[in-house]
Amino acid sequence: MSKFMIVDNRYAFVAEKTWGDRFEIIPSVTCGHVNSAVSAHPDMALFQLEKKVFICAPECFEEYKRRLTCCGATLICGEKQLGSTYPDDVAYNILKINNLALGKILAADPVILRCLKDKKTEFINVNQGYSKCSVCIFSGCAITADEGIFSALKSRGTDVLKIPYGEIKLTGYNYGFIGGASGEFFGEVFFFGDLDTVSYGQKIREFIFSKGKTVHEIKNYPLTDVGTIMFC
Numbered sequence: 040m041s042k043f044m045i046v047d048n049r050y051a052f053v054a055e056k057t058w059g060d061r062f063e064i065i066p067s068v069t070c071g072h073v074n075s076a077v078s079a080h081p082d083m084a085l086f087q088l089e090k091k092v093f094i095c096a097p098e099c100f101e102e103y104k105r106r107l108t109c110c111g112a113t114l115i116c117g118e119k120q121l122g123s124t125y126p127d128d129v130a131y132n133i134l135k136i137n138n139l140a141l142g143k144i145l146a147a148d149p150v151i152l153r154c155l156k157d158k159k160t161e162f163i164n165v166n167q168g169y170s171k172c173s174v175c176i177f178s179g180c181a182i183t184a185d186e187g188i189f190s191a192l193k194s195r196g197t198d199v200l201k202i203p204y205g206e207i208k209l210t211g212y213n214y215g216f217i218g219g220a221s222g223e224f225f226g227e228v229f230f231f232g233d234l235d236t237v238s239y240g241q242k243i244r245e246f247i248f249s250k251g252k253t254v255h256e257i258k259n260y261p262l263t264d265v266g267t268i269m270f271c
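Everything in the sequence shown is counted per our numbering, starting at 40 for the first residue and increasing by one.
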């Protein structure tokens with residue numbers, strides 16, 4: 040069975056060169072309404088409800104549906120169009136881990152909220168609207184720099200590593216987020232860049248290794264927020 044990786048279309052060539060022997064690389068769709076720095080970030084327009092089920096911003100729905108047909112994914116059209124400024128751009132940037140979802144509830148897409156309710160997933164309202172890109176998740180564990188998300192997950196029994204803010208590259212911003220620079224595929228944690236380019240990189244490796252999981256990096260490449268590496 041083919042394996043698919045969804046990546047910001049501006050970085051698809053890097054993913055192809057690095058991981059193209061293992062995955063078919065699917066370039067993301069650019070959302071014109073969103074700030075150009077993050078307009079092609081998958082996690083701005085796609086919420087992954089299940090491995091092959093996505094809820095998508097309506098303005099990107101038809102094109103994502105066309106691109107994801109090859110991997111057998113089911114796409115559900117969301118109701119909320121993305122805006123150009125925060126918090127109108129975070130409707131789909133919601134973190135789902137274990138039986139929890141975290142995000143800014145007043146900004147969240149109603150379709151996502153209904154689907155989570157149907158699945159009896161607890162929604163935790165947090166101040167950080169960019170909750171998906173703020174957290175690296177793998178095998179029920181999490182890595183984040185956000186204090187509010189860290190506390191919320193910790194209080195629900197999730198094993199969480201707290202890291203400092205900064206050092207992750209995101210063009211147009213002072214820094215990016217660890218969730219946006221990573222993705223998980225069946226216990227393998229992929230990072231878009233080299234963990235040695237951030238001062239806390241070895242701490243991240245050790246946390247993942249302590250759970251018996253593997254790490255994949257792009258050596259000698261700055262750790263970069265690409266809006267989450269998604270798999271289907």
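We put the beta carbon where it would ideally sit given N, CA and C, even for glycine.
- Query: Would you call Tyr212 buried or exposed, if buried means 16 or more other Cβ atoms sit within 10 Å of its Cβ?
  - Reply: exposed
- Message: Do Tyr103 and Cys95 have their beta-carbon atoms positioned less than 7 Å apart in this structure?
- Response: yes
- Residue from Ile207, Lys158, Cys175 and Lys156 whose Cα sits closest to the Cα of Asp233: Ile207
- Consult DSSP for Cys95 and reduce its assignment to one of helix, strand or coil. strand
- Bridge-paired residues (DSSP) for Thr113: Val92
- Message: Tell me whether the region 173-181 and the region 156-164 touch, counting them as touching only if at least three CB pairs, one residue from each stretch, are closer than 8 Å.
- Response: no
- Look up Ile202 in the DSSP assignment and say whether it is helix, strand or coil. coil
- Would you mind working out which of Asp157, Glu186, Asp47 and Ser41 sits nearest Thr210, comparing C-alpha positions? Asp47
- Message: Is it buried or exposed, Lys143, if we count other Cβ atoms within 10 angstroms and call 16 or more buried?
- Response: buried
- Message: According to DSSP, simplified to helix, strand and coil, what is Phe86?
- Response: strand
- CA nearest to the CA of Asp198, picked from Ile136, Glu256, Asp235 and Ile115: Ile136
- Ordered along the chain, which non-local residues of its own chain (more than five positions away) have a Cβ less than 7 Å from that of Cys70? Ser78, Met83, Ala84, Ala96, Glu98, Cys99 and Leu121
- Can you name the start and end residues of the alpha helix (DSSP H) that Cys154 belongs to? Pro149 to Asp157
- Message: Cutting at 8 Å between CB atoms, please list the residues of its own chain near Leu152, excluding the five before and the five after it.
- Response: Ile144 and Phe162
- Query: Taking DSSP as the reference, what is the three-state secondary structure of Glu186?
  - Reply: helix
- State yes or no: is the C-beta of Ile64 within less than 7 Å of the C-beta of Ala54? yes
- Consult DSSP for Lys242 and reduce its assignment to one of helix, strand or coil. helix
- Option nearest Asn166 by Cα separation, candidates Val129, Asp148, Lys90 and Leu139: Val129
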